[in-house]
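Here is the structure:
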């Protein structure tokens, strides 16, 4: 009984170490011309839009899509980007 429990503990420890070793936070993000994006396709937290919308208020972050016609296929192409929005206008964060 104790031998079986010991084997289970060793296996669990090995699995935990393998999982920790395979996780590399620096590799999870890739820098593109629109900022950081995660390699799994999720967009990271929105930018701070304080003082980005000139004199317009409130300046809030919004997720916008980019038309594919305007951006030819390239390595860095990503169809979603964070912008700052106020009064119906979009501003770069």
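Residue numbers (the working numbering): 753 to 845. Glycine included, each C-beta is placed from N, C-alpha and C at the ideal position. Just so it is clear, the structure is predicted and the values come from calculations on it, not from any experiment.
- Around the Cβ of residue 812, a 10 Å sphere holds fewer than 16 other Cβ atoms; the residue is exposed.
- Nearest to residue 801 by C-alpha distance, out of 838, 755 and 757, is 838.
- Per DSSP, the unbroken beta strand (DSSP E) holding residue 817 starts and ends at 812-817.
- DSSP, reduced to helix, strand and coil, places residue 759 within a helical segment of the structure shown.
- DSSP lists 812 and 842 as the bridge partner or partners of residue 837.
- Leaving aside the five residues that flank residue 841 on each side, the residues in its chain whose CB is nearer than 8 Å to its CB run, in chain order, 805 and 808.
- The beta carbons of residue 816 and residue 833 sit closer together than 7 Å.
- Close CB contacts of residue 798 within its chain, under the 7 Å cut and outside five residues either way in sequence, are with 813 and 834 (chain order).
- Taking the CA atoms as reference points, residue 758 sits about 10 Å from residue 764.
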